[in-house]
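In terms of this note's numbering, the sequence shown is numbered consecutively and its last residue is 502. Just below is one structure, and these are the notes that go with it.
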Amino acid sequence: MNRHFCVFLVCLAASLFSCKKQENSHNVKVDSSLHALSLSSRKSFEAYSFSEMQQSAIVSLLRDSMLWRLALDSDNISPFLKDQQGDHPGYRPYYLEADIDRNGEQDFVLALFNEEDKIFSVYLFRQLDKTYTLPALVFSSQHLQQSGFCFIRGDLVVGEFYSDNAGVFRWDDREGRLLEIEFEVE
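See below:
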């Protein structure tokens, strides 16, 4: 069995255990800042339950581009997504909360989707001193329609369900960003 396939299966299982924690972990409060966004962007917020602080950070990113919106579960065409969500309600393929930068505060990773160009862009929102920094672009791709996020052993894994097609990213303090790495199987 391919090591990326094994890693992604383990990663997916580990992240699914944490999805119940993410499910309904925030009170939804839509503020007036959403009115500055395109209709498509505003509607995409209905699918998520963000804290006010998260919502504010996301709006600041979306405000500058009317072509982008939050990536939705419906953007994912993998037949395995419904199985995962049936077994683990609350799993979101394009959203993940974890302490990505290992500073003790909960960060989040979110994909945006450009409907016109069919491109996904994955962003890291780091939390520092109880506020979010400017979102950092991790990567963009047209090939996330069958993929999802998971976090295992301190690494962000983005990959297709039940496949060896995955990218692994690790926070690097010196660089101050996520770097793609070769995943080592223990």
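Here a beta-carbon is modelled for each residue, glycine too, at the ideal position from N, C-alpha and C. Quick caveat: nothing in here was measured; it's all calculated off a predicted structure.
Judged by DSSP in its simplified three-state form, Q443 adopts strand. In the DSSP assignment, S457 falls within the beta strand (DSSP E) that extends over A452 to S457.
The three-state secondary structure of F361, taken from DSSP, is helix.
The alpha carbon of F424 has as its nearest neighbour, out of I497, A482 and S367, the alpha carbon of S367. With a cutoff of 8 Å on beta-carbon distance, F436 and A387 are scored as near each other. If you check the CB distance, A452 and L440 come in under 8 Å. In the structure shown, A373 falls within a helical segment according to DSSP collapsed to helix, strand and coil. Taking every protein chain shown into account, the CB of G402 has fewer than 16 other CB atoms within 10 angstroms, so this residue is exposed. CA-CA distance, I393 to G470, rounds to 27 Å. Its Cα nearest to that of K398, the residue F477 stands out among R385, A414 and F477. Nearest neighbour of D415 by Cα position, chosen from E498, E491 and W487, turns out to be W487.
According to DSSP, residue pairing for S463 in a beta bridge involves E476.
According to the DSSP assignment, L495 belongs to the beta strand (DSSP E) that extends over R493 to I497.
For the pair F396 and P405, the Cα-to-Cα distance works out to about 14 Å.
Boundaries for D389: no beta strand (DSSP E) harbours it, and the DSSP string shows neither H nor E there.
Counting every other CB atom within 10 Å of its CB across the protein chains shown gives I374 a total of 16 or more, marking it as buried. Each residue's CA atom was taken as its position, placing L353 and N481 some 34 Å apart.
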